[in-house]
Amino acid sequence: MKKLLLFFTVLVMGIFLFTACGGTSDSGETTANPDNDDQTFVIGVDDQFPPLGYRDESGEIVGFDIDLAKIAAEKLGMDLRVQQIDWAAKELELEQGNIDAIWNGLTITPEREEVMLFTDPYLENEQVVVVPKDSEIKTVSDLALKKVGLQSGSSAEDALTGNPISDQVQEIVTYDDNVAALQDLSIGRTDAVVVDLVVANWYIKENNSDYVVLEEALAPEKYGVAVAKDNTELQEKLNAVLDEIKSDGSGEEASIQWFGSNILYSES
Amino acid sequence: MDNFSSQIGLYLQGTLVTLSIFAITLIISLPLGFIVTLMLNSKNKLISSFADAVVYVIRGTPLLLQLLFVYFGFPLIPVIGKYLTFSRFVSACIAFAINYACYFGEIFRGGLLSIDKGQWEASKVLGLTRFETLTKVIIPQMIRVCLPSISNETITLVKDTALVSIIGVAEILHYSEAAVNREGTPLPFLVAAAVYLIINFFVTVVFKRLEKNYEQ
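In order, the protein sequence lines correspond to chains A and B.
Residues 1 to 268 (the working numbering) make up the first sequence, in order.
Residues 1 to 216 (the working numbering) make up the second sequence, in order.
#1: Taking all protein chains shown into account, decide if Phe202 of chain B is buried (16 or more other Cβ within 10 angstroms of its Cβ) or exposed.
#2: Using a 10 Å radius around the Cβ and a threshold of 16 neighbouring Cβ atoms, would you call Thr30 of chain A buried or exposed?
#3: Taking the straight line between their C-alpha atoms, what separation do you get for Ser25 of chain A and Pro140 of chain B?
#4: Which of the three DSSP states is assigned to Met78 of chain A in this structure?
#5: Hey, does Arg209 of chain B have any beta-carbon neighbour from chain A nearer than 8 Å?
#6: Does the segment 42 to 57 of chain A come within contact of the segment 179 to 186 of chain B, defined as at least 3 CB pairs closer than 8 Å?
#7: Straight-line CA distance for Gly73 of chain B to Ile58 of chain B?
#8: Give the straight-line distance between the Cα atoms of Tyr196 of chain B and Ile21 of chain B, rounded to the nearest whole angstrom.
#9: Ordered along the chain, which non-local residues of its own chain (more than five positions away) have a Cβ less than 6 Å from that of Tyr103 of chain B?
#10: Using the DSSP secondary-structure output, state which residues sit across from Asp196 of chain A in a beta bridge.
#11: So, is the C-beta of Ser250 of chain A closer than 8 Å to a C-beta in chain B?
#12: Which residues in the same chain as Thr37 of chain B place their Cβ atom closer than 7 Å to its Cβ, once the five residues preceding and following it in sequence are excluded?
#13: Would you call Tyr223 of chain A buried or exposed, if buried means 16 or more other Cβ atoms sit within 10 Å of its Cβ?
#14: Would Val70 of chain B be called buried (16 or more neighbouring beta carbons within 10 Å of its own) or exposed?
#15: Quick one: grab the DSSP three-state call for Gly153 of chain A.
#16: Where Glu132 of chain B and Val206 of chain B are concerned, what is the direct C-alpha to C-alpha distance, given to the nearest angstrom?
#17: If you reduce the DSSP assignment to three classes, tell me which class Gly44 of chain A lands in.
#18: What residue ranges within the segment 155 to 189 of chain A form continuous beta strand (DSSP E) runs of no fewer than 3 residues, ordered along the chain?
#19: Measuring only between beta-carbons, confirm whether Val179 of chain A sits less than 8 Å from chain B.
#20: Which one of A:Ser247, A:Ala254, A:Leu238 has the shortest CA to CA distance from Glu267 of chain A?
#21: When the cut-off is 8 Å and only beta carbons count, does Asn181 of chain B lie next to chain A?
In structure tokens, the structure reads:
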């Protein structure tokens, strides 16, 4: 029994040691979650999604969504913390309250609306086809018998499979992230990539790539901020804040800075 | 990559996280591993079968799954769940320490098995107490036998730290991935590879030296 006792003593000591150097200083709030408290607005992002949320050269997470979230947190009177999460675990993170919201170019889809609560849309986007400049693919129907790359689990996948052309393509190649898909296109392993328009524009500009975006888009879609299924309070607050951001010019300013034009979504 | 120097800070930050998880895991799991061995060898059936069960579960499931379980699963345990809610970094360290303690425990057990029972009897004849026999005779020999396996496991630990990004802890590989996504070139992966190789170079050197020290 002594050894068993020793085992647990060491375990408990180890845990205390960890907590001491864990660096998450809870300011006396009676909260069960060390990664979140009432004073902090924690947003979860997949930090590999330029230009909406990605790490800059100093390791800081930046982007259009981050700028909007900063303005929103200020209006909410809370401190913003941007937490990098694994995209596949986003629903769990939200449900357990490790993060307050997912704010990261999250497309509003009926499947997602079943497990989380969305705010009003704040950005318009399309799923588009990207091809090399000299490609013979000029329209969506030219994708027949071609290899098409896209991010797995993305709304690009839904957009392609929802289009009749998906039965005619030779193969759909899936990648962990959009940039990997775009890189493989330059190597020539695929003939085209389906991706968010905002990502395509950013990638082409940033890398001076010889890619073009087909004028014919696959599917129009909207981005929203997601909160936990039962958190109607935060949803309402965020909706009010988003309305302000759209009307007081702060959102427009951020949009022009990141995209060169105002692409904020408005109901009218 | 042309502006590599401006990004050194970023890679250092990631390397620091990788190194901290590595060091904390090693510091906790080596002694804990020895306790696991003692429990496995315990004459008390209850203790030894408990240790057997723990080792079976930990070795029988992926470390990735254990990471997810500690971070997402612990808080859901009824009654004690609220005391088992840890931050991301702490959860990562707990999962790693427990996992590696079990592997080290089995390695130490193997080391103990390799020592002839006659040595216990000889020590008894020489008038050594059980404790003295263990610390002065058995353990030094055991360490010598175990060192190559421990070295192997330690090198694996360095690389396993890459798993922690699943629960949102950014380490060197994650920062490289971020750079790959930002710059649109796979070259930053080479930085991560270099960092792992450098860390493992030192690990290898340290263990080679230790092995030399324990040679007779």
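Cβ atoms here follow ideal geometry from the backbone N, Cα and C, with glycine treated the same way.
Computed from a prediction, not measured in an experiment: that's the story for all the values here.
Let's see:
#1: exposed
#2: Reliability fails at Thr30 of chain A, whose pLDDT of 36 lies under 50, so the model's placement of it is uncertain and no value is given.
#3: The pLDDT assigned to Ser25 of chain A is 38, lower than 50, so where the model puts this residue is not dependable; a value taken from the coordinates is nonetheless given after this. If I take the Cα positions, the gap works out to 42 Å.
#4: coil
#5: no
#6: yes
#7: 15 Å
#8: 13 Å
#9: Glu153
#10: A:Gln127
#11: no
#12: Gly105, Phe108, Arg109, Leu112
#13: buried
#14: buried
#15: coil
#16: 28 Å
#17: strand
#18: 171 to 175
#19: yes
#20: A:Ser247
#21: yes
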